[in-house]
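Protein chains: 2
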Amino acid sequence: MSTPVAPVGEAAPGRRADLARLSLNTATTRHLTLPEAVAAAAAAGLSSIGVWRDRVQEVGADVAAKVVADHGLRVSSLCRGGFLTAADDDTARAALDDNRLAVREAATLGTHELVMVVGGLPAASRPGGPALPYPAGAPAADGPDDPARDVVATRRRVADRIAELAPYAAEHGVRLVLEPLHPMFAADRAVISTLGQALDLAAPFDPAVVGVVVDTYHVWWDPDLQAQIARAGAEGRLAGYQVCDWVLPLAAEPLSSRGHVGDGYVDFATITRWVRDAGYTGDVEVEIFHEDVWAAPAAQTLATLAERHVRHVLPHLGGPSVA
Amino acid sequence: MSTPVAPVGEAAPGRRADLARLSLNTATTRHLTLPEAVAAAAAAGLSSIGVWRDRVQEVGADVAAKVVADHGLRVSSLCRGGFLTAADDDTARAALDDNRLAVREAATLGTHELVMVVGGLPAASRPGGPALPYPAGAPAADGPDDPARDVVATRRRVADRIAELAPYAAEHGVRLVLEPLHPMFAADRAVISTLGQALDLAAPFDPAVVGVVVDTYHVWWDPDLQAQIARAGAEGRLAGYQVCDWVLPLAAEPLSSRGHVGDGYVDFATITRWVRDAGYTGDVEVEIFHEDVWAAPAAQTLATLAERHVRHVLPHLGGPSVA
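As they're listed, the protein sequences go chains X and E. Going by our numbering, the first sequence opens with residue 1, and the numbers climb by one from there. Going by our numbering, the second sequence opens with residue 1001, and the numbers climb by one from there.
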């Protein structure tokens, strides 16, 4: 028997009203299976969850959809498609196929938002790894040192492949949500580094088909952030708001340096008001990659999420839950 | 007896013509005193050097100027002023005093360019360190979570203090050169993160008094880089070009993750042509912070600098040295 899923902005029956818009991204509770994460989110009083594909695929998208529905949770987003930057045709074709699968998974899960991490330079040996050697021979006099290090051409490939995927996403009622990643990941994970750049890439497409997500960790430093959040709202492309904190020192693996809201440097009050003023009424996902958070019991992690949400985010979020 | 100092763009007598514009930044040979670094640069055939204040102050600016002149080297820049973001008056006043001293040191050394690293958020406990705790009590409903985490206000203080220093710099014939640092240093070292932002801050001032520097490590990822380099040239503010590579994995201290040109991900050919096309005719400083580079013998480091310059930078730099 399913619990009814509440409309966006509202709490499911019996869940906490002050957490009506707080969503657990399953990366935060990395060691939980999807059913475990769903149960933990519901037990903590949440009404929504953002899910990663690895945990969805373990049980299959149909079962995942049922598990989520059984607990009356909205799916705020599916993470993640992308990795569209390959220079060779075989890898590119495989990536497009995998993104079409991700679109179908999102549709099955009943979420409109498929978060896209677009990929880094072909010169990356692996995420976080050293650059591949330069090719033999002299480069063209007016070309890049190495095509695999050509960030301008790499960005063009992303644009081309978004164009190829957009009609498929539209057919399935799913939005490709471009995520700018922090510039420290530009070489190896995503050549989209600012919200403005993501919006420029999205501009040729229907806002219902290509959108953007604001993740505080990735964009808090951007001097143009307020203007670009407002632009995302005005264009109808603001598809998600993810929060976690910039903590120092960086972890050995900087991808896992994300801290709980309130543990670092980000001014959540200000950014949250910019997001509110842009008209965003959706869920606020907490997506933390950090060994300490992963080592903590899930109930404790959820309790911290709730406490920090109420203190740092909710007062600035607007909407019915803070009326 | 002094060797004559060659005009910008030219090699001093007896020095290598192909290295006419290659400058050793003393941070690259961190363990050398200023006289040692000067001798190493001259021995390697260079005609210019970029100097850090710590090594200048060890011998005093007058002696430093004489040592440099005795070896016929141009001083491409003095590193670094800045740290203008303090929220309390005493720290701010001390920082302004120290910047005035840096201006006088630059004048004594005969360089026009004083590189400014503007400082991070007041919430930083130390560079690279964790954020300070939030202040006690509830924040204002429409203010930041914490004034020490307010990046917008912190940037405003930078603008105010540049305005305070500019007349002093002008009197001494020195330019305040704003350096955008990589966004991973925005919290703890510099709230200027893009070249466009640096140019916006410089805009109210005479281009001979407030300029900008392009350091590939900090700005290579910026989707707006080509346009902003062109803008810097058009405005007469392009005061320096520093090169080093983005290498992964990041070092435990990410400040010391900078690699030799050609060891990482940066497309130096493309960026160097953008700098050339912006009309830049000055020196190209190599400023590397990396334990492995610091551990190497200086002569080997200089040889690598020369080899990489000739391969990755010189062919795209334009000017008389590649005629």
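All C-beta atoms, glycine included, are put in the ideal place defined by N, C-alpha and C. All values derive from a computational prediction rather than experimental measurement.
Closest Cβ-Cβ distance between X:TYR265 and chain E: below 8 Å? Yes, X:TYR265 counts as interfacial toward chain E.
For E:THR1028 and E:ALA1065, the rounded distance between their alpha carbons: Those two C-alpha atoms are separated by around 20 Å.
Pair every Cβ in the stretch 1058-1073 of chain E with every Cβ in the stretch 1311-1320 of chain E, then say whether three or more of these pairs are closer than 8 Å. Counting C-beta pairs closer than 8 Å gives fewer than three between the stretch 1058-1073 of chain E and the stretch 1311-1320 of chain E, which falls short of the contact rule.
Where does E:HIS1290 sit, in a helix, a strand or coil, going by DSSP? Here E:HIS1290 sits in strand by DSSP.
Could you list the residues in the stretch 133-152 of chain X with a C-beta less than 8 Å from some C-beta on chain A, going in chain order? Among the protein chains of the structure shown, namely X and E, there is no chain A.
Here's the rule I'm using: 16 or more other beta-carbon atoms within 10 Å means buried, otherwise exposed. How should E:VAL1247 be labelled? Using a 10 angstroms sphere on the CB of E:VAL1247, the tally of other CB atoms reaches 16 or more, which defines it as buried.
Ignore the nearest five residues each way along the sequence and tell me which others in E:ALA1041's own chain have a CB closer than 6 Å to its CB. Excluding sequence neighbours, E:ALA1041 sits near LEU1024, ILE1049.
Would you mind sorting E:PRO1223 into buried or exposed? The rule is 16 or more other CB atoms within 10 Å of its CB. Around the beta carbon of E:PRO1223, 16 or more other beta carbons lie within 10 angstroms, which makes this residue buried.
Could you tell me whether the Cβ of E:SER1048 comes closer than 8 Å to any Cβ of chain X? No, E:SER1048 does not count as interfacial toward chain X.
Tell me whether the beta-carbon of X:LEU165 lies closer than 8 Å to the beta-carbon of X:ALA148. No, Cβ-Cβ distance for X:LEU165 and X:ALA148 is not below 8 Å.
CA-CA distance, E:VAL1293 and X:ALA187? Their Cα atoms are separated by approximately 22 Å.
Is E:SER1257 helix, strand or coil when you go by DSSP? For E:SER1257, the secondary structure class from DSSP, reduced to helix, strand or coil, is strand.
Residues from the stretch 168-191 of chain X in contact with chain E, defined by Cβ distance under 7 Å: Within the stretch 168-191 of chain X, the residues whose Cβ lies closer than 7 Å to some Cβ of chain E are HIS182, PRO183, MET184, ALA186, ALA187, ASP188, listed in chain order.
Contact with chain X by E:ALA1303, beta-carbon distance below 8 Å: With 8 Å as the cut-off, E:ALA1303 does not count as an interface residue toward chain X.
Quick check on DSSP: helix, strand or coil for E:ALA1323? Note that E:ALA1323 scores 38 on pLDDT, short of 50, meaning its location in the model is unreliable and no value can be drawn from it.
Strictly under 8 Å for the Cβ-Cβ distance: is E:GLN1228 near chain X by that measure? Taking Cβ atoms only, chain X never reaches closer than 8 Å to E:GLN1228, which makes this a no.
Report yes if the C-beta distance between X:GLU253 and X:GLY129 is below 8 Å; otherwise report no. Contact annotation: X:GLU253 and X:GLY129 have beta-carbon atoms that are not nearer than 8 Å.
Let's test the definition: count the other Cβ atoms within 10 Å of the Cβ of E:ALA1106 and tell me whether it reaches 16, buried, or not, exposed. Per the 10 Å Cβ criterion, buried.
For E:GLN1197, which residues does DSSP report across the bridge? Listed as beta-bridge partners of E:GLN1197 by DSSP are no residues whatsoever.
Identity of the residue in E:LEU1250, E:ALA1069, E:ALA1037 nearest E:ARG1055 by Cα: For the options E:LEU1250, E:ALA1069, E:ALA1037, the alpha carbon positioned closest to that of E:ARG1055 is the one of E:ALA1037.
If you run the structure through DSSP and keep just helix, strand and coil, what is X:VAL5? Collapsing the DSSP output to three states places X:VAL5 in coil.
Verify whether the separation of the beta carbon atoms of E:PRO983 and X:HIS182 is less than 8 Å. Here chain E covers residues 1001 to 1323 and nothing more, so residue 983 of chain E does not appear.
Residues bridged to E:ILE1049 by DSSP? In the DSSP assignment, the residues bridged to E:ILE1049 are E:LEU1024, E:VAL1075.
Does the Cβ of E:GLN1057 have 16 or more other Cβ atoms within 10 Å, making it buried, or fewer, making it exposed? By the neighbour-count rule (16 or more Cβ atoms within 10 Å), E:GLN1057 is not buried but exposed.
Using 8 Å as the threshold, is the C-beta distance between X:THR175 and X:ALA208 below it? Reading off the sequence, residue 175 of chain X comes out as Arg, not Thr. Taking the C-beta atoms as reference points, X:ALA208 is found nearer than 8 Å to X:ARG175.
Test: X:LEU250 CB closer than 8 Å to a CB of chain E: With 8 Å as the cut-off, X:LEU250 counts as an interface residue toward chain E.
Near-chain E residues of the stretch 61-77 of chain X - C-beta to any C-beta below 8 Å: Listed in sequence order: no entries.
Since E:PRO1013 meets chain X, which of its residues come closer than 9 Å, beta carbon to beta carbon? Here the premise fails: no neighbours, minimum Cβ distance about 30 Å.
Is DSSP giving E:ASP1327 helix, strand or coil here? For residue 1327 of chain E there is no data in the structure shown, the boundaries of chain E being 1001 and 1323.
Identify every run of the alpha helix (DSSP H) within the stretch 1110-1178 of chain E, keeping only runs that are complete inside it and at least 4 residues long; order them along the chain. Runs found: 1151-1171.
With C-beta atoms as the reference, is E:MET1116 less than 8 Å away from E:GLY1082? Taking C-beta atoms as the reference points, E:MET1116 and E:GLY1082 count as a pair closer than 8 Å.
Which residue or residues does DSSP assign as beta-bridge partners of E:LEU1238? DSSP lists E:VAL1212 as partners of E:LEU1238.
Between X:ASP215 and X:GLN197, which are expected to be in contact by the criterion C-beta below 8 Å, what is the C-beta distance as a whole number of angstroms? So it is not a contact: roughly 14 Å between Cβ atoms.
Quick one: is E:HIS1031 near chain X, going by C-beta distance under 8 Å? So, not an interface residue.
Taking the alpha carbon of X:ILE229 as the point to measure from, which residue in X:ARG258, X:ALA44, X:LEU195 has its own alpha carbon closest? Taking only the C-alpha atoms, the option nearest X:ILE229 is X:LEU195.
Over what stretch of residues does the alpha helix (DSSP H) that includes X:THR272 continue unbroken? Here the alpha helix (DSSP H) through X:THR272 covers 268-277.
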